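J.: Dropping the structure in here first, questions after.
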Amino acid sequence: KQGVTTEQLVLVEPHAERSAAVAGRYEGAETYKSLETALGATTKQLGHIVIASSTAAHGDNIRAIVSASREGAIDLNKTKIWCEKPVTDPADFENVLKLAEETPGLDISVGYILRFSGILRELQQSIEDKKLTISGIDWQYGKDRRTDERPTQGVLADEVVHPLSVTDWILQSSFGADPK
26 KQGVTTEQLV
36 LVEPHAERSA
46 AVAGRYEGAE
56 TYKSLETALG
66 ATTKQLGHIV
76 IASSTAAHGD
86 NIRAIVSASR
96 EGAIDLNKTK
106 IWCEKPVTDP
116 ADFENVLKLA
126 EETPGLDISV
136 GYILRFSGIL
146 RELQQSIEDK
156 KLTISGIDWQ
166 YGKDRRTDER
176 PTQGVLADEV
186 VHPLSVTDWI
196 LQSSFGADPK
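FYI, our numbering numbers position 43 of the sequence shown as 68, with every residue one higher than the one before it.
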């Protein structure tokens, strides 16, 4: 809540319970069930757009943002876009990349927080400097997605890929491109 004003907050959340919970914390916040509706209806200049939907929807979200900018609803030169990793699923990546190349002002930052973690960078450096030796890796994931109603790309794509990606990133420094 700190630092967020209702002049800035437009929430897109298809699940009514989550939408109501967030909107209830911010008087005057606009809430919408779809990004397309929000982009067409809001009168606020959106300074930031965070894409944190299911991976399968990322490409459609980016297309909706580009469409809204072409219709004059938002100014991409004044809007920062942050997308959680991955930008889109592999089948749609080439289409989204081409769209980004053809759209002036479209600047998308892709976030993967764990790679910026200070402790993980120190771990990686210690392995690279041979101060630590890896004898085994055990990742434990605390989420239980069995009761989560959001559409996913499956457990491997949405849950397991993150620890595997970080492990690969950490070990690349020690073992090169082909860890053995």
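All C-beta atoms in this analysis are idealised placements derived from N, C-alpha and C, irrespective of residue type, glycine included.
Fair warning: this is a prediction, and the values are worked out from it, not measured in the lab.
With which residues is Trp107 paired in a DSSP beta bridge?
T.: Start at 1 with the first residue of the sequence shown, and residue 107 comes out as number 82. DSSP output for Trp107 lists Val75 and Ser134 as bridge partner(s).
J.: State the Cα-Cα distance for the pair Ala116 and Ala66, rounded to the nearest angstrom.
T.: What you label residue 116 is simply residue 91 of the sequence shown in a count that begins at 1. What you label residue 66 is simply residue 41 of the sequence shown in a count that begins at 1. The alpha-carbon atoms of Ala116 and Ala66 are separated by roughly 30 Å.
J.: Which of helix, strand or coil does DSSP assign to Glu38?
T.: Locating residue 38 in the sequence shown gives position 13, counting from the first residue. Coil, per DSSP.
J.: Three or more C-beta pairs closer than 8 Å, one from the stretch 141-157 and one from the stretch 122-133: is that the case here?
T.: no
J.: Going by CA-CA distance only, name the one from Ala89, Ser142, Lys156 and Glu153 that's closest to Leu131.
T.: In the sequence shown, the residue the question calls residue 131 occupies position 106. Residue Ala89 is the option with its Cα nearest to Leu131.
J.: Taking DSSP as the reference, what is the three-state secondary structure of Glu52?
T.: Numbered from its first residue, the sequence shown carries residue 52 at position 27. Three-state result, Glu52: coil.
J.: So which of Ala93, Trp194, Ile162 and Gly161 has the shortest CA-CA distance to Thr128?
T.: Residue numbering aside, residue 128 sits at position 103 when the sequence shown is read from its first letter. Taking only the C-alpha atoms, the option nearest Thr128 is Ala93.
J.: Who are the near neighbours of Ile74 in its chain, counting only those whose CB is closer than 7 Å to its CB and skipping five residues on each side?
T.: Locating residue 74 in the sequence shown gives position 49, where the first residue counts as 1. Excluding the 5 residues flanking it on each side, Ile74 has same chain C-beta neighbours closer than 7 Å at Ile90, Thr104 and Ile106, in chain order.
J.: Using CA coordinates, which residue listed in Val47, Gly136 and Ile152 is at the minimum distance from Val112?
T.: One-based indexing of the sequence shown puts residue 112 at position 87. When each option's Cα is compared against that of Val112, the closest is Gly136.
J.: Do Ile133 and Ile195 have their CB atoms nearer than 8 Å?
T.: The residue you call residue 133 lines up with position 108 of the sequence shown. The residue you call residue 195 lines up with position 170 of the sequence shown. Contact annotation: Ile133 and Ile195 have beta-carbon atoms that are not nearer than 8 Å.
J.: Between the Cα of Ile99 and those of Ser79, Pro39, Leu71 and Asp85, spot the shortest distance and give me the residue it belongs to.
T.: In the sequence shown, residue 99 corresponds to position 74, counting from 1. Comparing Cα-Cα distances from Ile99 to each of Ser79, Pro39, Leu71 and Asp85, the minimum goes to Leu71.
J.: Whose C-beta lies closer than 6 Å to the C-beta of Ala77 among residues of the same chain, with five residues either side of it excluded?
T.: As a first step, residue 77 is located in the sequence shown; it is residue number 52 there, counting from the start. Hits under 6 Å: Glu109.
J.: Return the CA-CA distance between Ala63 and Ala46, expressed in angstroms with no decimal places.
T.: The count along the sequence shown starts at 1 and reaches residue 63 at position 38. The count along the sequence shown starts at 1 and reaches residue 46 at position 21. For Ala63 and Ala46, the distance between alpha carbons rounds to 18 Å.
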